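Novice:
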Amino acid sequence: MNCTFPALARIAFIFLLGSIGLAQEWTRFRGPNGSGLSGAKTIPVTWTDKDYNWIAELPGRGHSSPVLWGDKLFVTCCDEAASLRHLICLNTPNDRPAELIFSHCYEGIVGVDLTTGKQNWHIDVFGRDEQRSLVSPIIAGDLVIAGSGAAGGTRHVVAVKPAPSGASVAVNEAYHITRQAPHIPTPLAYGDWLFLWSDQGIATCFDRATGKTVWQQRIGGNFYSSPICIDGRIYCIDLDGVMVVIAAGDKYEELARISLGHPTSATPAVSNGTLFIRTESHVFSLGG
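Residue numbering for the sequence shown follows our numbering, beginning at 655 and increasing consecutively.
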């Protein structure tokens, strides 16, 4: 059921494809374009242990978020006793981008032509405080939204608007959020709203176009996982392995809390109408 490769090097990068033209559904962190959005209608709001399609125990512990290609799920883990790192491939019983978008703590946000590698635009928005850019950038309509900040300091989520201007591209800051901005979880844009889920478990809904606060709610828990949206419902897992499900709308509504029984830092994946949840030691398949 799995293939293992020892001594897998850890590669860290953040980039965003400028348009969604992928036939596959969850081939990178947070799925298509890193948006965290899925239209799957076969995943429940709440569930029990009896509802999983299957559970696969992993040969070690880890924190990476699962990705899928066709019917193959890929995830990493490590065997600390044997000093081995593993890439696990699990069998699960199924247009080209124009621009790369990078975010960097001290450089800001940059758009690069995918064909030539030339810089299309650049905007310096995060300042020079000590910080790291751990939030992945996303595209929300005509906005690019990215973040940077410090665990114990100011955190920034910034929306910018690139627009053609003659032979070049002009880019302007649309709005800048610092209150309850996340350090690690990536923002989620759905419909007319932008949702931020802070590391300390505070969820905030903003008007996506203006950045004005619609509602804010203390969820509780601590989070490294990023929220994803499935058919109008937002799913996010805290470090203790408690999945919180809320409505993706202009009024706060908690729909469910489910304990997975294992800690996790990973973000779930969705493919072919099935939700895949990775904890430190297991992968869970649900729905479909």
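Think of the CB as a built atom: it goes at the ideal place given N, C-alpha and C, for glycine as much as any other residue. Since the structure is predicted, the reported quantities are computational estimates derived from the model, not experimental observations.
1) Among all the DSSP beta bridges, which residues are the ones paired with S757?
2) Return the chain-ordered list of same chain residues with a C-beta closer than 6 Å to the C-beta of N748, the five sequence neighbours on each side being excluded.
3) Within this structure, are the beta carbons of T808 and D778 separated by less than 8 Å?
4) If you scan the segment 674 to 749 from start to end, which runs of the beta strand (DSSP E) of 3 or more residues do you find wholly inside it?
5) Where does L872 sit, in a helix, a strand or coil, going by DSSP?
6) With respect to the beta strand (DSSP E) encompassing L929, which residues constitute its N-terminal and C-terminal limits?
7) Report buried or exposed for Q785, applying the criterion of at least 16 other Cβ atoms within 10 angstroms of its Cβ.
8) With a floor of 3 residues, list each beta strand (DSSP E) that falls wholly inside the segment 826 to 913, ordered by position along the chain.
9) So, helix, strand or coil for K772, using DSSP?
10) Let's see if you can read the secondary structure: which residues bound the beta strand (DSSP E) around S919?
11) Where does L647 fall in DSSP's three states?
12) Can you tell which of G762, P922 and R872 has its C-alpha closest to the C-alpha of Y878?
13) Would you list the one or two residues that DSSP bridges to S822?
14) Please report the distance separating the alpha-carbon of V789 from that of G693.
15) With a 10 Å radius around its C-beta and 16 neighbouring C-beta atoms as the bar for buried, classify A843 as buried or exposed.
16) Check whether the segment 712 to 719 touches the segment 729 to 746, taking contact to mean three or more Cβ pairs, one atom from each stretch, closer than 8 Å.
17) Is the beta carbon of H810 less than 8 Å from the beta carbon of G820?
18) Please report the Cβ distance between Q834 and I799, rounded to the nearest whole angstrom; I am assuming they are in contact, meaning their Cβ atoms lie under 8 Å.
19) Note down the Cα distance separating V898 from G942, rounded to an integer number of angstroms.
20) Going by the beta-carbon positions, is the gap between S939 and T928 smaller than 8 Å?
21) Could you check where the beta strand (DSSP E) with V924 kicks off and where it finishes?
22) Report yes if the CB atom of V937 is closer than 8 Å to the CB atom of D904, and no otherwise.
23) What's the C-alpha gap between Q773 and P841?
24) Please report the residue range of the beta strand (DSSP E) in which F938 lies.
25) Taking the alpha carbon of Q871 as the reference point, which residue from V812, Y906, D853 and D885 has its own alpha carbon closest?
Specialist: Per the coordinate set shown:
1) Paired residue(s): I763.
2) Since pLDDT at N748 reaches only 46, below the 50 mark, its modelled position is unreliable, and no value is offered.
3) With a cutoff of 8 Å on beta-carbon distance, T808 and D778 are scored as not near each other.
4) Those beta strand (DSSP E) runs which fall completely within the segment 674 to 749 and span 3+ residues are 706 to 711, 721 to 723, 726 to 733 and 738 to 745.
5) Reading off the sequence, residue 872 comes out as Arg, not Leu. Of the three classes helix, strand and coil, the one that applies to R872 here is strand, per DSSP.
6) T928 to R932
7) buried
8) Contiguous beta strand (DSSP E) elements confined to the segment 826 to 913 occur at 842 to 844, 847 to 851, 856 to 861, 867 to 872, 882 to 884, 887 to 891, 896 to 901 and 908 to 913, taking only those with 3 or more residues.
9) coil
10) Taken as a continuous stretch (DSSP letters only), S919 belongs to no beta strand (DSSP E), as it is neither H nor E.
11) No answer is possible for residue 647: the residues shown for the chain start at 655 and end at 942.
12) Looking at the Cα atoms, P922 is the closest of the given residues.
13) S819
14) 23 Å
15) Buried is the call here.
16) They touch, by the three-pair rule.
17) no
18) Rounded, the Cβ-Cβ distance is 15 Å, inconsistent with contact.
19) 20 Å
20) yes
21) A923 to S925
22) no
23) For the pair Q773 and P841, the Cα-to-Cα distance works out to about 25 Å.
24) Element bounds for F938: H936 to G941.
25) Here the closest residue by C-alpha is Y906.
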